[in-house]
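The structure appears below as structure tokens.
Numbering (the numbering used here), first residue to last: 67 to 620.
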């Protein structure tokens, strides 16, 4: 938990540790000792109650955990509350202690839910009039099979109501109930297998996009995935990409259509979450798409789940990160057209971040957002902007994007944004990227400057998960190997400074992390190029930055 907090709160990380990578999770022995020390000193600490959830999910021997829990309770000032499925070893070990059965506590509520969802369906009302005993038995069976698990009964009722919509007879509904597996994982597999074969791949793509979004540790995740944006990209490679502002009526229609598609393609495993009360148009168009329960995400986190026939994606051109890069562009355009500059800039950066990820996965994919920046950038010149970053972007964009001469005399903005975001393959294939002389083309600052100082992007690109925080360093290395001039100077806030000094600042940031030998070697090689190129004017203390790294040649 502490590690997760530090990953999210950079202010805490800066104060307490150089990086969250310096934190390691305690070993089993260390954890055991810590709890035993706490329990042994409870007379000084005070009364302690330990809550232990999901004992049945333990990886290892249950007997060890049972012994450990019993030790915690030796002190009279310590209490332990444990939850678990009725595993025989746990039932036997704790049979003399007070216990509660979840299904006994929730039975009445679940009965009421089944009566409302299933018993209230018009088809079930007809069955109850004709076959009252069989209908009552069927609903009791649902309550019994749920074992008090709310998520299970919600999914089960959806399946039964789906049978009613298909005009199933009561005997067929009974078979549906009998087919429902008792375990949640098996229930997810059962539900997905029941999706119409024509819709399965579309459902798999929707689940893949949402899974990729939640799986990443990017700084943008906390904002949530807009339903409108997802609706605009879920089949991005089926039709020509068209990014443009939409009116309120169009947004509402698109979101309502997606809500229906989530029901038919994902059987409710993905659903809308609205921040506003009611079902107003504004609430729907601002809705986010979420997994109906955390266990759905956990189910998809098992890579074997993606091997299921019902989750196969046969479209070789589909890539979740590409879809999410276009999602960012679509939503940035919508927010800018609503004059919400802060949200527009955040979503624009989010799209670029995913674009850089897609660039690694599919270097030749022209569906990447870097090929589709015009819609957003062209809107900038039409507005009086208050966001400083957007103002800088607007100044770099040609006033008339349809005028070839205007484009020729302006900085290649897509190239510069790709450099800042770390889309290396896009940069290398860009027509404006040449081996010589490109640093001073079209009035822009040196390309190395954009790799080191993100003129058009915020600091979020320097606060990234460990697998992408070296994007800037890799970009600098590639630019140097492409013969970019390492001796250039640039004006930063009115002061003339060298690119080498800017690299020194970047190096200072990166060496605060726990680095692998390969990462150290990369930074040392970049530093060597700057040293060699600027042999006459070396920043003071530069060599000291890497002198203590073992195994790195200087």
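Just so it is clear, CB atoms sit at the ideal spot from N, CA and C, and this is done for glycine as well.
Model, not experiment: these values are computed from the prediction.
| request: Please say whether residue 157 and residue 180 have beta carbons closer to each other than 8 Å? | output: no
| query | For residue 292, which beta-bridge partners are listed by DSSP? | reply | 354
| Nearest to residue 197 by CA position, among 168, 163, 236, is which residue? | 236
| field | Through-space distance from residue 319 to residue 293, alpha-carbon basis | value | 12 Å
| Taking the C-alpha atoms as reference points, what is the distance between residue 467 and residue 440? | Note on residue 467: pLDDT 48, under 50, position unreliable in the model; no value is reported.
| said: Just to confirm the assignment, what range does the alpha helix (DSSP H) spanning residue 588 have? | reply: 583 to 599
| request: Work out the CA separation of residue 333 and residue 182 for me, nearest whole Å. | output: 20 Å
| task | Report yes if the CB atom of residue 386 is closer than 8 Å to the CB atom of residue 275, and no otherwise. | result | yes
| request: Tell whether a beta-carbon distance below 8 Å holds between residue 548 and residue 555. | output: no
| field | Spatial neighbours of residue 187 in its chain, beta-carbon cut-off 7 Å, leaving aside the 5 residues before and after | value | 227, 230
| message | Among 254, 190, 199, whose alpha-carbon lies nearest the alpha-carbon of residue 218? | response | 254
| field | Close Cβ partners of residue 571 (< 8 Å) along its chain, the five nearest in sequence each way excluded | value | 518
| query | Among all the DSSP beta bridges, which residues are the ones paired with residue 337? | reply | 356
| said: How far does the alpha helix (DSSP H) with residue 317 in it extend, from its first residue to its last? | reply: 314 to 332
| request: Would you give the residue range spanned by the beta strand (DSSP E) that residue 157 belongs to? | output: Residue 157 -> not in any beta strand (DSSP E); alpha helix (DSSP H) instead, spanning 154 to 159.
| Beta carbon of residue 102 nearer than 8 Å to that of residue 137 | yes
| Can you name the residues that DSSP bridges to residue 145? | 115
| message | Could you check whether residue 374 and residue 302 sit closer than 8 Å to each other, using their CB atoms as the reference points? | response | no
| said: Quick check: what's the CA-CA separation for residue 98 versus residue 258? | reply: 40 Å
| Anyone know if the C-beta pair for residue 496 and residue 481 falls short of 8 Å? | yes
| Rounded C-alpha distance that separates residue 290 from residue 355 | 8 Å
| query | Out of curiosity, what's the CA-to-CA distance linking residue 567 and residue 544? | reply | 18 Å
| message | Closer than 7 Å to a non-hydrogen atom of the ligand GDP - does that hold for the CB of residue 402? | response | Absence of the ligand GDP from the depicted structure is noted, as is the absence of any ligand whatsoever, leaving it without description.
| said: Taking the beta carbon of residue 492 as the centre, do at least 16 other beta carbons fall within 10 Å, making it buried, or is it exposed? | reply: buried
| task | State the Cα-Cα distance for the pair residue 200 and residue 246, rounded to the nearest angstrom. | result | 18 Å
| task | Note down the Cα distance separating residue 100 from residue 119, rounded to an integer number of angstroms. | result | 18 Å
| Buried/exposed call for residue 190, threshold 16 Cβ in 10 Å | buried
| Where residue 172 falls: helix, strand or coil (DSSP) | helix
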